[in-house]
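Down below is the structure, laid out as structure tokens.
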Amino acid sequence: MREEKEKVSMKFQVFHKTGGPQPTSLKPEAIDHFFLGNFAKVWCMTRGFHPKFKRYENGRIYFDIITDPRFKGDGFILSMFIASQYKMHVDLFRDATHFEADQFLANDIIGFLLSSEEKEKFPEYKARMNKSYANLSSSRNALYVGPIR
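Note that my numbering has the sequence shown beginning at -11, numbered continuously upward.
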């Protein structure tokens, strides 16, 4: 008797790096293009948070964190994680020792990921995301300061 093998299928997501090479200046646009395009865009789409670089001075990385209702974690731990990722992936931050992060809370999604079967939902999700950013408060909800580990 021949034994039948069970077939297992799995879905996985591949995120292409679109941020280009290492930035050579501390301009926020250059840092964000590199960091978000190569590393952090998946967080926005799947976890409900993303950083926005502001500046780097005296070994301290300054950035904003925007979170949506999907993020249920601790903001300070999240800011420590993001700071360590900046230091690890951006060569200009290799000597960073501390961070300062302002957190802003969005009322709805700030990013999304749809499968090819869900592509008809794109306009709806895009409108929700745009509304979230348009309604983001100009006042931070929290401030986190600490060492980079």
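The C-beta atom is built at its ideal place from N, Cα and C for all residues, glycine as well.
Can you tell me where the beta strand (DSSP E) with residue i in it begins and where it stops?
{"i": "LEU66", "result": "Premise fails: LEU66 lies in the alpha helix (DSSP H), 63 to 77, not in any beta strand (DSSP E)."}
{"i": "LEU41", "result": "The question names Leu, but residue 41 in the sequence shown is Phe. From DSSP, the beta strand (DSSP E) with PHE41 extends over 37 to 45."}
Under the DSSP definition of a beta bridge, which residues are partnered with residue i?
{"i": "VAL133", "result": "GLU88"}
{"i": "LEU102", "result": "Its beta-bridge partners do not exist; DSSP assigns none."}
{"i": "PHE80", "result": "Looking at the sequence provided, one finds Leu at residue 80 rather than Phe. For LEU80, which the question treats as bridged, DSSP gives no partner whatsoever."}
{"i": "ARG128", "result": "DSSP, once it has assigned bridges, lists no residue as partnering ARG128."}
{"i": "ARG48", "result": "GLU45 and HIS86"}
{"i": "LEU93", "result": "THR55"}
Residue i by DSSP, collapsed to three states: which one?
{"i": "ILE53", "result": "strand"}
{"i": "PRO9", "result": "coil"}
{"i": "ARG116", "result": "helix"}
{"i": "HIS4", "result": "coil"}
{"i": "LEU24", "result": "helix"}
{"i": "GLU(-6)", "result": "coil"}
{"i": "LYS107", "result": "helix"}
Would residue i be called buried (16 or more neighbouring beta carbons within 10 Å of its own) or exposed?
{"i": "ILE65", "result": "exposed"}
{"i": "LEU101", "result": "exposed"}
{"i": "LEU131", "result": "exposed"}
{"i": "ARG51", "result": "A small fix is needed here, since residue 51 is Phe in this sequence, not Arg. With 16 or more Cβ atoms within 10 Å of its Cβ, PHE51 is classed as buried."}
{"i": "GLY7", "result": "buried"}
{"i": "TYR121", "result": "exposed"}
{"i": "PRO11", "result": "buried"}
For the alpha helix (DSSP H) that residue i lies in, which residues bound it at each end?
{"i": "LYS29", "result": "29 to 34"}
Which residue's Cα is closest to the Cα of residue i: the options?
{"i": "ALA84", "options": "ARG128, MET68 and LYS(-5)", "result": "MET68"}
{"i": "HIS38", "options": "LYS60, GLU45, ILE70 and ASN46", "result": "ILE70"}
{"i": "LEU24", "options": "ASN129, TYR74, PHE81 and ASP90", "result": "TYR74"}
{"i": "LYS29", "options": "ILE98, LEU14, ALA122 and LEU124", "result": "ILE98"}
{"i": "SER103", "options": "TYR121, THR55, ASN26 and MET33", "result": "MET33"}
{"i": "PRO16", "options": "PHE41, ASN26, GLY36 and ALA89", "result": "PHE41"}
{"i": "GLU45", "options": "MET117, GLU88, SER(-3) and SER126", "result": "GLU88"}
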